[in-house]
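Reading through the structure tokens given below for one structure.
In the UniProt record's numbering, the protein residues as written are 1 to 108.
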């Protein structure tokens, strides 16, 4: 009888404290890149995000129009809407967005 009086509260405390540990572990998970949508630009400058979105849109238009699937053949890649040193950054982000859209559409 004395064991039951002692064991019952200990079991209850053990069960309740375990639940808080599990709940705490679930809320503190680090965000992953998989939680980000494929067409969401990666963190960066507004110009880099715009270039990524332009790449996604260009790829979708090329696929819809059944044009050659090549980021470097796109008008915005050849003639980026930025000047000077920002051209290389624009082109790399444009290509990343373009390739993400192609990969998503082909399921690769």
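Each residue gets a CB set at the ideal place from its N, CA and C atoms; glycine is no exception.
Computed from a prediction, not measured in an experiment: that's the story for all the values here.
Reference residue 101, options 48, 62, 86, closest by Cα: Counting from 1 along the chain shown, the entry for residue 101 is found at position 101. Considering only alpha carbons, the answer is 62.
Contact set for residue 90: own chain, Cβ-Cβ below 6 Å, skip 5 residues either direction: Along the chain shown, read from residue 1 onward, the residue named residue 90 stands at position 90. For residue 90, where only same-chain residues beyond five positions count, the Cβ hits under 6 Å are 51, 80, 82.
Three-state secondary structure (DSSP) of residue 83: Counting from one through the chain shown, the residue named residue 83 turns up at place 83. If DSSP states are grouped into helix, strand and coil, residue 83 belongs with coil.
Proximity below 8 Å, CB of residue 44 to CB of residue 95: Taking the first residue of the chain shown as 1, we reach residue 44 at position 44. Taking the first residue of the chain shown as 1, we reach residue 95 at position 95. Against a cut-off of 8 Å, the Cβ pair of residue 95 and residue 44 comes out as no contact.
Nearest residue (CA-CA) to residue 47, options 65, 78, 92: Sequence index remark: in the chain shown, residue 47 carries index 47 (1-based). Checked all of 65, 78, 92; the closest Cα to residue 47 is 92.
Between the CA atoms of residue 85 and residue 53 - distance to the nearest angstrom: As a working note, residue 53 is residue 53 in the chain shown. As a working note, residue 85 is residue 85 in the chain shown. Approximately 20 Å, taken between the alpha carbons.
Backbone secondary structure at residue 67 - three-state DSSP: Locating residue 67 in the chain shown gives position 67, counting from the first residue. Coil at residue 67, not helix or strand.
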